[in-house]
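Numbering (this note's numbering), first residue to last: 536 to 715.
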């Protein structure tokens, strides 16, 4: 459990820093990977809670300045916005057990759907979309011309999933080699 909490804090920081210091945009490309490792072999409820906690830390780190407007409003907003992270973690835990190549597309698609819903439900909150962290990364944001910010978010999340799956596969091959 201690390792899982470390992964939660690591992911939170890797995701917060690109929004605070824009020149650290590269951190978003692997910010979710530690969190994906944290939910390995966890129940759906544990996956939800780990992602939810990451969301709480992320949102407090990115919209902390709202405390100057309303402290209670900040708390309520953070707890609400973190639900999107939690739901994403729950869905990833359900999908990731199936070793399908299509997961490389499904998991980022789920993130985009949740970002889109967050941006439009209940009058919307379109701040801190994953793609916004890349605004200084000129080569990556060129796709926004066609796809909007959601295409950039999709690309960043897909790289996170690829990093996670590549490391998992390398670990599996190393463990198989040790058996012989």
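C-beta: ideal position from N, C-alpha, C; glycine also.
Only a predicted model underlies this, so the values are computations on that prediction, with no experimental measurement involved.
Item to check | Inter-residue spacing [alpha-carbon to alpha-carbon] between residue 663 and residue 616 | outcome: Going from the Cα of residue 663 to the Cα of residue 616 covers about 11 Å.
Item to check | Other residues of its chain near residue 692: CB distance less than 8 Å, five sequence neighbours each side excluded | outcome: 567, 642, 643, 646, 647, 665
Next on the checklist: At the level of alpha carbons, what is the spacing between residue 531 and residue 689?
Outcome noted: What the structure shows of the chain is the stretch from 536 to 715, and residue 531 is not part of that stretch, so it cannot be assessed.
Next on the checklist: Please return the same chain residues whose Cβ sits closer than 8 Å to the Cβ of residue 599, not counting the five positions on each side in sequence.
Outcome noted: 609
Item to check | Nearest-angstrom Cα separation, counted from residue 556 out to residue 593 | outcome: Note on geometry: alpha-carbon atoms of residue 593 and residue 556 lie some 14 Å from one another.
Next on the checklist: Just to confirm, is the Cβ distance from residue 614 to residue 543 under 8 Å?
Outcome noted: No; because the gap between Cβ atoms is not below 8 Å, this pair is not in contact.
Item to check | Enclosing alpha helix (DSSP H) for residue 590 [first to last residue] | outcome: Here the alpha helix (DSSP H) through residue 590 covers 579-597.
Checklist entry - Buried or exposed: where does residue 604 fall if 16 or more other Cβ atoms within 10 Å of its Cβ makes it buried? => result exposed
Item to check | residue 574 versus residue 585: straight-line alpha-carbon distance, rounded | outcome: 7 Å
Checklist entry - Among 551, 601, 591, which residue has its Cα nearest to the Cα of residue 667? => result Out of 551, 601, 591, 551 has the C-alpha closest to the C-alpha of residue 667.
Item to check | Which of helix, strand or coil DSSP assigns to residue 636 | outcome: coil
Checklist entry - So, is residue 669 buried or exposed, given that buried needs 16 or more other C-beta atoms within 10 angstroms? => result buried
Item to check | residue 678 - DSSP class collapsed to helix/strand/coil | outcome: coil
Item to check | residue 582 beta carbon less than 8 Å from that of residue 625 | outcome: yes
Next on the checklist: For residue 698, tell me which candidate among 536, 562, 602 has the shortest Cα-Cα distance.
Outcome noted: 562
Item to check | alpha helix (DSSP H) segment containing residue 541, residue limits | outcome: 537-555
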